[in-house]
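Trainee: Residues in the sequence shown are numbered consecutively from 3, following the working numbering. Input: one structure, supplied below.
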Amino acid sequence: MNNSPNIKQVETVLKYIKNELYSGRLQPGERLPAERRLADMLGVGRAHVRAAFQKLEFYGIVQTFPQSGTVVAQEKMRRQVLERMITDALQIRQYDFASLVYVRVLLEIEAIKLCARNRTAEDLENIERALEECEAKFYTEERVSKDFAYHQALARGAHNPVIASMLLVITPDVLRYYQRYRVCTVPQEEVYFEHRELLRCVREKDEEGAAEMLHRHLRSLREFAATNNDENHFLE
């Protein structure tokens with residue numbers, strides 16, 4: 003049973019925001035219309051607007067603040083880059099879950115080895131901060147996004163922008179799909195241990211140890227993908 007917001011309505015919101023960015027009517031740092039207003043403007047439900055905002059936040063295109071609403075990310079990104087990222091967000095649903103998981107595992111294992119080899123002191127600080135936030139939000143709705151942020155911090159530490167960008171495109175949908183169909187059954191203690199071991203290996207420049215731990219960390223995801231990839235399991 004699929005209880006996710008209608009993908010066509012979500013795409014309507016994403017395309018609207020893409021057009022606003024491309025035209026220059028929406029600039030970095032500016033606030034997007036409120037959920038209710040945007041839903042009324044586009045003739046969609048608020049749940050569709052919320053799902054679109056969440057997808058954009060996963061990709062780092064927008065940020066949501068409790069008192070300020072949802073704003074375009076402040077980073078000095080070229081408009082074409084933002085447009086391409088939203089296009090990717092629209093198109094990625096055509097791929098099946100198992101294929102995305104397979105590619106994610108390949109990329110992340112290579113990224114963690116490169117991170118252990120290339121990380122700087124600044125990278126370690128960013129990774130540690132991302133891990134602290136991930137653990138602090140473990141039992142909140144932000145858990146998946148914070149988990150993604152931790153893995154992305156590790157990927158950035160690899161200093162291979164191609165790998166980091168590819169993971170940025172595919173990982174959010176993998177995490178959301180996994181969360182939707184398998185409300186996380188991995189014990190908190192196990193996740194904490196594996197995350198901390200990844201950081202330890204990176205800190206000690208242990209490339210093989212980091213790769214082995216990441217392979218273990220993603221085991222349940224690989225097993226789930228292998229047994230739940232029938233013809234209906236496409237990203238939605």
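We put the beta carbon where it would ideally sit given N, CA and C, even for glycine. From a predicted model like this one, the values you see are computed outputs, not experimental measurements.
Thinking E37 and V46 are a contact (beta carbons under 8 angstroms), I'd like their distance in whole angstroms, please.
Mentor: The Cβ separation is near 10 angstroms, so there is no contact.
Trainee: Below 8 angstroms, can you find three or more Cβ-Cβ pairs linking the region 114-130 to the region 205-212?
Mentor: Yes, since at least three Cβ pairs between the region 114-130 and the region 205-212 fall closer than 8 angstroms, the two stretches touch.
Trainee: What is the DSSP secondary structure of T142, reduced to helix, strand or coil?
Mentor: DSSP places T142 in coil when its eight states are reduced to three.
Trainee: Please name the residue in T173, I129, Q65 whose C-alpha comes closest to that of V107.
Mentor: Cα-wise, what sits closest to V107 is T173.
Trainee: Using DSSP with H/G/I as helix, E/B as strand and the rest coil, what is V51?
Mentor: Three-state result, V51: helix.
Trainee: From C136 to Y152, what distance separates their C-alpha atoms?
Mentor: So the alpha carbons of these two residues sit roughly 7 angstroms apart.
Trainee: Please state whether DSSP places G45 in a helix, a strand or coil.
Mentor: Coil at G45, not helix or strand.
Trainee: Find the nearest neighbour of K57 within the set H197, Y24, K17, judged by alpha-carbon distance.
Mentor: Ranking the options by Cα distance to K57, first place goes to K17.
Trainee: Could you give the DSSP three-state label for D208: helix, strand or coil?
Mentor: Coil, per DSSP.
Trainee: Who pairs with F67 in a beta bridge, going by DSSP?
Mentor: In DSSP, F67 forms a bridge with G71.
Trainee: According to the neighbour-count rule (16 or more other Cβ atoms, all chains shown, within 10 Å of its Cβ), is G31 buried or exposed?
Mentor: G31 is exposed by the Cβ-count criterion.
Trainee: With distances taken Cα to Cα, identify the nearest neighbour of M43 among K10, T14, A227.
Mentor: For the residues K10, T14, A227, the minimum Cα distance to M43 belongs to T14.
Trainee: Tell me the DSSP secondary structure of E233 in three-state form.
Mentor: The predicted model places E233 with a pLDDT of 41, which falls under 50 and marks its position as unreliable; any figure quoted below should be read in that light. It is coil, neither helix nor strand.
Trainee: On the criterion of 16 or more Cβ atoms from any shown chain inside 10 Å, does R33 qualify as buried, or is it exposed?
Mentor: By the neighbour-count rule (16 or more Cβ atoms within 10 Å), R33 is not buried but exposed.
Trainee: When DSSP labels each residue in this structure, what does R33 get in the three-state scheme?
Mentor: Correct three-state label for R33: strand.
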